[in-house]
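Just so we're aligned, residue 68 is where the sequence shown starts under my numbering, counting upward by one.
We put the beta carbon where it would ideally sit given N, CA and C, even for glycine.
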Amino acid sequence: MKNDTPHTDPSEHDEAADDAVIGVALKWSLVVLGGGGLMAAAAVFWFTAPPPAPEIIEQKLVVPTIRERPPVEIPSVPFTDVTTSAGIEFVHENGAAGEKLLPETMGGGCGFVDVDNDGDADIVLVNGCRWPWDETSQRDAATPALYLNDGTGQFSDATAGSGLDVTFYGTGLAAGDIDGDGLTDLFIASVGQDRLFRNLGGGRFEEITAAAGVAGDEGDWGSSCGFFDYDRDGDLDLFVCNYVVWNRDIDRSQNFQLIGGGRAYGRPQNFGGSFPKLYRNEGNGTFADVSAESGIQVLNPATNVPVAKSLGVTFDDFDADGWLDVVVSNDTVQNFLFRNKQDGTFEEVGRLAGIAFDIQGNARGAMGIDVACFRNDADRGIVIGNFANEMTALYVSRGSGVQFKDDAIANGLGPQTRLELTFGVLFADIDLDGRLDVVAANGHLEEEINRVQKTQFYEQPPRLYFNCGSDQATEFMPVDVDKTGEDFAKPMVGRSLATADIDGDGDLDLLFTSSGGAPRLLRNDQTLGHHWLRIQLVDEGANHEGIGATVTLDRDGVTHTRRINPTRGYQSQSELPVTFGLGDSTDTGRVLITWPDGTVTEHEGLDPNQLHTLRRNP
């Protein structure tokens with residue numbers, strides 16, 4: 068039988084089988100490669116694709132809530148110039164006779180002091196004199212002046228025969244009972260040796276400078292000064308600021324010139340610094356000069372010369388340790404804060420405390436100074452008057468402590484004070500609303516300053532800055548002339564400034580001095596109907612006036628604090644009684660007195676609208 072199947076080679080059969088396998092493999096490879104490509108493309112797309120747009124959810128716009136502030140209404144606090152009608156006929160003698168010597172620009176101090184112990188504020192006015200080389204120096208020799216208050220704000224000139232009627236170039240005033248006899252004694256700083264007058268009673272004084280050991284050096288130029296108990300031994304010690312190293316030859320040799328010609332008054336930068344002095348009361352009518360060992364003599368580390376050019380001083384317990392510290396304003400160099408170390412010495416911490424310079428780190432032309440708890444809490448404010456075109460400083464601590472920040476711009480005081488040349492500054496509740504306002508004495512050094520600077524004038528108006536409260540964006544606002552009256556706002560060559568209730572009506576009256584001119588006694592004639600409480604202390608021992616004590620009024624959850632400290636302002640002394648404005652309320656709350664030795668006494672139920680004399684042991 069014949070086989071019809073074609074014959075094939077085995078090798079050909081194998082090759083065909085291999086081709087089939089390869090074809091299948093190739094197809095699957097292409098499938099795998101295609102799938103891998105798709106997966107790679109998907110991965111690339113996954114990792115590089117932009118994220119999906121978020122879902123848009125419409126939100127309702129919420130407008131920020133603006134804090135509601137109570138409206139600010141500047142009160143009407145008119146003042147009346149009663150200088151002449153009250154019997155004050157004093158004119159300051161600055162000695163100016165054409166040579167333009169620097170002391171002629173600084174003015175004389177003033178004070179409200181109860182020198183005759185009849186319960187009202189008498190007036191002491193410090194005077195300069197003609198220079199000894201002036202041919203007219205022996206005619207109509209100028210002296211300090213004493214005016215006694217009859218209790219109603221009328222004054223009689225008691226200078227003649229008082230013992231104060233001596234001629235010297237006086238500057239600053241300090242008042243305090245140095246011997247514990249119940250009578251307030253007077254210290255007057257000077258160009259040259261200083262003077263101490265012991266009160267004999269009846270408006271009479273005797274000079275005891277040499278015996279007491281507080282004359283200083285013949286070449287000193289004293290300025291502000293004050294009594295305080297720095298060592299807590301119960302009697303009053305004495306701090307005296309000295310300005311610069313000065314004499315006629317140094318001044319004249321520098322040939323200071325105004326722009327456009329003519330001699331000018333010199334700049335403090337051209338005179339050397341000078342140490343302040345601290346005198347410790349020895350309790351026997353004498354004082355020991357402890358300036359060197361107490362730590363108040365600050366040297367320039369680069370030149371080893373005195374740094375201080377001091378014009379203002381006041382006292383407070385900044386670190387709440389019960390010991391009084393000292394704060395000093397310096398002209399064109401750093402301010403000082405002397406922290407009491409409780410061992411008879413001080414540590415100067417002005418830089419660390421933040422009060423040495425302005426916010427740019429520059430020293431200013433600092434003059435007058437005051438300190439107070441002006442926000443009715445633990446915050447303290449140090450206000451310092453500065454030179455023209457420099458803002459008044461307001462260094463504020465946050466609570467009790469020695470760390471300060473200049474808040475003058477933030478609270479509105481700084482921008483309002485830039486143009487004036489400010490000497491005296493004080494905290495005072497002028498409208499009796501319970502908040503401390505700021506009063507400033509202004510005036511330039513150069514009579515012809517307007518010829519050089521069109522924005523400056525020799526005579527400048529005093530200023531009152533109303534305390535609107537810390538809840539306001541602008542904490543201090545200037546009070547315009549329509550609220551203070553023309554008598555207050557009339558320009559003058561203002562220098563020192565003091566405050567007291569001269570007529571017993573409860574509100575605070577003002578005394579300004581003028582360099583080379585008459586002072587201005589301004590009676591506070593506000594009729595706002597606000598109530599008030601006035602406190603005067605009588606302590607035991609040598610410091611019977613309670614200088615250094617604090618009086619705290621607690622009412623309605625608010626704490627009002629005042630310190631018994633007459634050394635405030637510039638070369639001046641204010642009255643010892645402290646005033647609390649009560650506003651529309653008659654609630655006098657609780658009064659706490661922290662005496663200088665730390666003892667605390669409490670008083671409640673005091674009648675409003677009265678002066679209360681409180682004793683440690685009634």
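- Message: Quick check: what's the CA-CA separation for P529 versus F543?
- Response: For P529 and F543, the distance between alpha carbons rounds to 15 Å.
- Message: Mapping the DSSP letters down to three states, classify K550 as helix, strand or coil.
- Response: helix
- Query: For P373, which residues from the same chain have a beta carbon less than 6 Å from its beta carbon, with the 5 sequence-adjacent residues on both sides left out?
  - Reply: G340, S341, F342
- Using 8 Å as the threshold, is the stretch 396-415 in touch with the stretch 320-328, meaning 3 or more CB pairs across them? no
- Item | Euclidean distance between Cα positions of I133 and T626 | Confidence at I133 is low in this model, with a pLDDT of 47, below 50, so its placement is unreliable and the value that follows should be read with caution. Roughly 28 Å separates the two Cα atoms.
- Query: Under the three-state reduction of DSSP, which class applies to V519: helix, strand or coil?
  - Reply: helix
- Item | Burial state of G186 (16 or more Cβ within 10 Å) | exposed
- Task: Evaluate the contact criterion for the stretch 608-624 versus the stretch 579-586: three or more CB pairs, one atom per stretch, below 8 Å.
- Result: no
- Query: In whole angstroms, what separates the C-alpha of R682 from that of R299?
  - Reply: 19 Å
- Stretch pair the stretch 405-420 + the stretch 461-478: three plus CB contacts closer than 8 Å: yes
- DSSP three-state call for T172: helix, strand or coil? helix
- Task: With distances taken Cα to Cα, identify the nearest neighbour of V416 among I363, Y297, D287, H597.
- Result: Among I363, Y297, D287, H597, the Cα nearest to that of V416 belongs to I363.
- Query: Should L487 go down as buried or exposed, given a rule of 16 or more other Cβ atoms within 10 Å for buried?
  - Reply: Here residue 487 is Glu; the residue named in the question, Leu, does not match the sequence. Label assigned to E487: buried.
- Item | Run of the beta strand (DSSP E) containing P545, from where it starts to where it stops | 543-545
- Task: Put A495 into one of helix, strand or coil per three-state DSSP.
- Result: strand
- On the three-state DSSP scale, how would you describe A507? Here A507 sits in strand by DSSP.
- Item | Distance between W313 and A355 (C-alpha atoms, nearest Å) | Their Cα atoms are separated by approximately 25 Å.
- Task: Tell me L213's beta-bridge partners as DSSP assigns them.
- Result: V191
- Task: Assign L93 to one of two classes, buried (16 or more other C-beta atoms within 10 Å of its C-beta) or exposed (fewer than that).
- Result: Reliability fails at L93, whose pLDDT of 38 lies under 50, so the model's placement of it is uncertain and the value that follows must be treated cautiously. By the neighbour-count rule (16 or more Cβ atoms within 10 Å), L93 is not buried but exposed.
- Span of the beta strand (DSSP E) around G481: G481 -> not in any beta strand (DSSP E); alpha helix (DSSP H) instead, spanning 480-483.
- Burial state of T238, where buried means 16 or more other Cβ atoms lie within 10 Å: It is buried - the Cβ of T238 has at least 16 other Cβ atoms within 10 Å.
- Would you identify the three-state DSSP class for I133, choosing helix, strand or coil? Note that I133 scores 47 on pLDDT, short of 50, meaning its location in the model is unreliable; the coordinates nonetheless yield the value given after this. Reduced to three states, the DSSP call for I133 is coil.
- Query: Which residues in the same chain as P73 place their Cβ atom closer than 6 Å to its Cβ, once the five residues preceding and following it in sequence are excluded?
  - Reply: Per-residue confidence for P73 stands at a pLDDT of 36, beneath the threshold of 50, marking its modelled position as unreliable; the derived number appears in the next sentence. Answer for P73: no residue qualifies.
- Message: Using C-beta distances below 6 Å, list every residue in its chain close to D386, excluding the 5 sequence neighbours before and after it, in chain order.
- Response: Closer than 6 Å at the Cβ level, and outside the excluded window around D386, lie V469.
- Item | P616 classed as buried or exposed, judged by whether at least 16 other C-beta atoms fall within 10 angstroms | The amino acid occupying residue 616 in the given sequence is Ala; Pro does not appear at that position. So A616 counts as buried.
- Task: May I ask you to report which of helix, strand or coil DSSP gives T566?
- Result: strand
- Message: Just to confirm before moving on: does the CB-CB distance between L231 and F272 stay below 8 Å?
- Response: yes
- Can you tell which of A227, N429, D496 has the C-alpha that lies nearest to the C-alpha of R442? Measuring from the Cα of R442, the nearest candidate turns out to be D496.
- E360 by DSSP, collapsed to three states: which one? Three-state DSSP puts E360 in a helix.
- Task: Using the Cα positions of V281 and I436, report the straight-line distance between them to the nearest angstrom.
- Result: 24 Å
- Message: If you measure between the beta carbons of L253 and V191, is that distance less than 8 Å?
- Response: yes
- If you check the beta carbons only, do V560 and E526 fall under 8 Å apart? Using a Cβ distance threshold of 8 Å, V560 and E526 count as a contacting pair.
- Query: Apart from the five residues on each side of it in sequence, which residues of its chain come closer than 8 Å, Cβ to Cβ, to D383?
  - Reply: L391, D392, V394, V438, R447, R630, N632
- Message: Taking 8 Å as the threshold (C-beta atoms), are E156 and D224 in contact?
- Response: yes
- Thinking C-beta only, is R601 closer than 8 Å to T655? no
- Query: Cα separation between L588 and L604?
  - Reply: 26 Å
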